[in-house]
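Here it is, written out as structure tokens:
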């Protein structure tokens with residue numbers, strides 16, 4: 003049986019690596035050894051940053067809800083406590099969206115939460 007050569011597989015693997023490193027700066031996009039390290043670091047950072055993005059969005063939603071609550075003269079913590087007691091299961095993303103797009107509906111939700119919290 004003749005020896006199996008790996009040239010085509012190696013080339014395909016190398017092309018995949020260079021596709022992933024496209025747009026990187028300097029030798030990071032065209033030198034195999036450096037590109038491999040750059041891609042590993044980039045994937046590592048992208049994983050971490052997805053979690054950071056989730057945290058930042060949660061902070062943004064809380065800030066928006068708090069600002070809308072302050073207009074209705076209620077604190078964020080009292081508002082969330084009232085929602086929980088009233089059995090309203092809206093997440094922070096939905097509440098922030100309502101607060102921005104439909105202030106009247108948010109005011110009604112605040113009234114319900116205020117009544118339950120008292």
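In this note's numbering, the protein residues as written are 3 to 120. Here a beta-carbon is modelled for each residue, glycine too, at the ideal position from N, C-alpha and C.
Span of the alpha helix (DSSP H), counted from its first residue to its last, around residue 62: Unbroken alpha helix (DSSP H) run through residue 62: 34–73.
Proximal residues to residue 100 (C-beta, below 8 Å), its chain only, five neighbours per side dropped: Only 92, 107, 108, 111 meet the Cβ criterion.
Those runs of the alpha helix (DSSP H) which lie wholly inside the region 7–32 and span at least 4 residues: Fully enclosed alpha helix (DSSP H) runs of 4 or longer: 9–22.
First and last residue of the uninterrupted alpha helix (DSSP H) at residue 99: Here the alpha helix (DSSP H) through residue 99 covers 94–103.
Three-state secondary structure (DSSP) of residue 116: Reduced to three states, the DSSP call for residue 116 is helix.
C-beta atoms of residue 96 and residue 114 nearer than 7 Å: Not closer than 7 Å, so no.
CA-to-CA distance, residue 75 to residue 23, given in whole angstroms: Cα to Cα, the separation comes out at about 52 Å.
Beta-carbon proximity of residue 19 to residue 38, cut-off 7 Å: Against a cut-off of 7 Å, the Cβ pair of residue 38 and residue 19 comes out as a contact.
Selected residue, minimal CA-CA separation from residue 16, among 36, 83, 60, 105: The residue with the shortest Cα to Cα distance from residue 16 is 36.
From 120, 90, 70, residue whose alpha carbon lies closest to that of residue 104: Checked all of 120, 90, 70; the closest Cα to residue 104 is 70.
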